[in-house]
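Here the structure is laid out as structure tokens; the discussion comes afterwards.
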């Protein structure tokens, strides 16, 4: 109730009218060139340079903003079929959005940089704002958005212009305002996969021309793209409802209030994964690096089949057939709702903007985590697996001009309080013990005659006799205990993270001459995070294994004994952690800023150069597996600090030119960004590990590329470990009022440096990341080309217009896994969308036929090591080989992108 009181008391609410030019933000005073250009008559066109944006928290034409920003209006979004930020990638070449194990875990990347992995403890490198309100994680942007005015994609670090800072970029979504004239729209779409989408809005006056309302609603339902052949159901379906209500009060031309309340409900089965690579690889020539051979069979596949496993996508992942454990085809409910209030008040030559918001977001996490029908690991649908955010934010900005409009100044403050709770109930499945024991036996000798999954230790009579003689009774007892592990693990792990941060920022444009401007901005951010975690675990086998097998860890059987302990205790799943008090806190502060020089020698051309320093807060890996380096011992309370990761900082440099005319526009930017302590989250097949990637100033002599996590400590200074640099080109051609062509190209070299370390203190790079030094970063294609063409001719004498639209995105090769294993490589691909339609006079009605991915291009979002299903990668066999990596039998899964969809939309406006 205290937060609600603060919200209501601090918000006499928010801005001015509806479009960008009227959203209550001051316009920058025009130069004489601007005035001359505006006075020159120009033919009507769809020129995107004429879009008025608020990227600098001032209303300016896109062509006059000296930063790298792309803006997409309502028509472009409607034509492309974009209903959430993921579909924006067809239009924005520097943007990539992907989701993994749940749509709550979406990741946005700009210029190849984004937060990696499925961990709510990591904040987004690319911040998402909807109507000026920061959304805690990118996943909230995958909701339906209702009718949108425009979307702005800002590239590079942000922080001196608005509340929340980000290190790689920002996505700002602006929805339609209420209007003082009664009206609205309604549309119905139907497509393949039995897809139904109904959307509409109504707006109008409540009290004359001082108070207006608007209500938007969307309902969407669709069958899934995957077919579960065991549970006879589909996965990755859609079942969601969205509603947003607004009031806009404008009693005078100088004061306005906008109140927004919205609610989203999703109940969907997401996300299915297919087998992308099930081969077993071997080292054919020990001592000779670089080669590998494929074995006739994979022992892990054989074990799964012996336990009743079916692999319906093996060898053909794009048949989109999956198999989940019987009864565990869970759907999860996601709820996202909140209220915001925005005040715009102009007094004298000063404008006050205040944005207050309170939001709650909760996403269920029940899942069959092994992605197969052999019951290895799961999160039960008992309400104890979820992530929940409760966030209050307050942003206040003052802006104005001085010295005859020579100085355009802005100062602001920001406060945010967030309560994040993650509840987890991850358990070993009913068949885990048998599978794990069979895996140990097959590691010793893959002969099927030695195995019997129905017996203790997965040992046949012959197998028990042979292995007891070879390994000794102590280890055999450990394998027997391993086979008894079933339906145990986390009863409930609870992570409570409280975050409070405040910031002060300023952004000022000083016009040195009528054509030359200097922009300077500063920001100070103070971040405070506190973690409390508690565990309740019933896996009693783990501490017994650790005690009974510890003596073998100093013998030639150490590798096998360690493997048995690890499989018994993986992720620190142990009854010994029940009641373990985990508590820690972080306090940090950062000064960041920007400087820009811009020159407009003629009204059509803008040149600029900029420097910016950005920052993303440190935090906690909300996964107990990172408490210890391995599972051989029980964590202690003092190891809570191991969950920490450092803040991420970036120095960014940019040179750009923007050219604008009635028929042609071109924006070109050359950029370089250097990231220090880059926050990397990696799943290694059993655990999630988080490291801060930096580069040591002294040569590590290849120790960051070896198979030892204890070598490669930096004794020098730690520098930036990730660098992205390249060129962006965006062009638009408008040969006629009803014809538009757009072309975008991004060339980005997003690479890790050499001599990598895993923290600002210089700790060694985890050996699972041995491929990173000198390599291209995951999910960072070097080349991306986007194109779109629109023709909307009038049909003579009828008052009707037609629509012909097509867009495409071509992407070069890249690796989808943060460890860069070769099995996770995605070849280059091309995706095309199209839409044709007929529209009535004034677009009062329309019928449109559309297709997404009309070429049915097969490609994946993210490939990953399937949990517990094997060990090692082809990359390790090729780099290190026998004896440690004589064999690689990990099974790899993949979250695929959507197949071809098509349908028809009927729309009416009134």
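Numbering (the numbering used here), first residue to last: 332 to 1241. Positions of the beta carbon are idealized from the N, C-alpha and C atoms, including for glycine.
- Residue 1009 is a Cβ neighbour of residue 1052, given a cutoff of 7 angstroms.
- By the C-beta criterion, the region 797–812 is judged not to be in contact with the region 824–832, since fewer than 3 inter-stretch pairs fall below 8 angstroms.
- If you look at residue 559, you'll find it in the beta strand (DSSP E) that goes 557–559.
- If you draw a 10 Å sphere on the C-beta of residue 1215, you find fewer than 16 other C-beta atoms in it, and that means exposed.
- The criterion of a C-beta distance shorter than 7 angstroms is not satisfied by residue 695 and residue 668.
- By DSSP's assignment, residue 1238 forms a beta bridge with 518 and 1177.
- According to the DSSP secondary-structure assignment, residue 495 is paired through a beta bridge with no residue.
- Residue 1040 sits in coil when the DSSP states are folded into three classes, being neither helix nor strand.
- For a cut-off of 8 angstroms, the C-beta gap from residue 1096 to residue 1047 is around 15 angstroms, too long to register as a contact.
- In the structure shown, the three-state DSSP call for residue 953 is coil.
- The Cβ atoms of residue 1150 and residue 1099 sit closer than 7 angstroms to each other.
- Collapsing the DSSP output to three states places residue 1086 in coil.
- Residue pairing by DSSP puts residue 428 in a beta bridge opposite 439.
- Here residue 648 is buried. Its C-beta has 16 or more other C-beta atoms within 10 Å.
- Relative to residue 398, the option among 968, 848 and 1129 whose CA is nearest is 848.
- With 16 or more other CB atoms across the displayed protein chains lying within 10 angstroms of its CB, residue 656 is buried.
- Here residue 1027 carries a strand assignment [DSSP, helix/strand/coil].
- Here residue 655 carries a coil assignment [DSSP, helix/strand/coil].
- When the beta-carbon positions are compared, residue 579 and residue 540 stay at least 7 angstroms from each other.
- The C-alpha of residue 418 lies about 43 angstroms from the C-alpha of residue 869.
- When DSSP states are grouped into helix, strand and coil, residue 649 belongs to the helix group.
- The three-state secondary structure of residue 578, taken from DSSP, is strand.
- At the C-beta level, residue 1012 and residue 443 stay beyond 7 angstroms of one another.
- Residue 510 is bridged by DSSP to nothing; it lacks a bridge partner.
- Every beta strand (DSSP E) of 3 residues or more that sits fully in the region 816–864 is shown, in chain order, as 821–842.
- Cα atoms of residue 749 and residue 1162: separation of roughly 38 angstroms, rounded to the nearest angstrom.
- In the DSSP annotation of this structure, residue 589 is not part of any alpha helix (DSSP H); the continuous beta strand (DSSP E) holding it starts and ends at 586–599.
- Short of 6 angstroms from the beta carbon of residue 464, and not among the five residues preceding or following it, lie these beta carbons of its own chain, in chain order: 671 and 688.
- As a beta-bridge residue in DSSP terms, residue 725 pairs with 687 and 746.
- For residue 850 and residue 734, the gap between their C-alpha atoms comes out near 16 angstroms.
- Secondary structure remark: continuous beta strand (DSSP E) runs of at least 3 residues inside the region 1089–1146, in chain order: 1114–1122 and 1131–1142.
- Residue 636: member of the alpha helix (DSSP H) spanning 630–637, first to last residue.
- One thing to note: residue 1049 has its Cβ no nearer than 7 angstroms to the Cβ of residue 1082.
- Between residue 947 and residue 498, the C-beta gap is smaller than 7 angstroms, which places the two residues in contact.
- By DSSP's assignment, residue 976 forms a beta bridge with 950.
- Counting every other CB atom within 10 Å of its CB across the protein chains shown gives residue 977 a total of 16 or more, marking it as buried.
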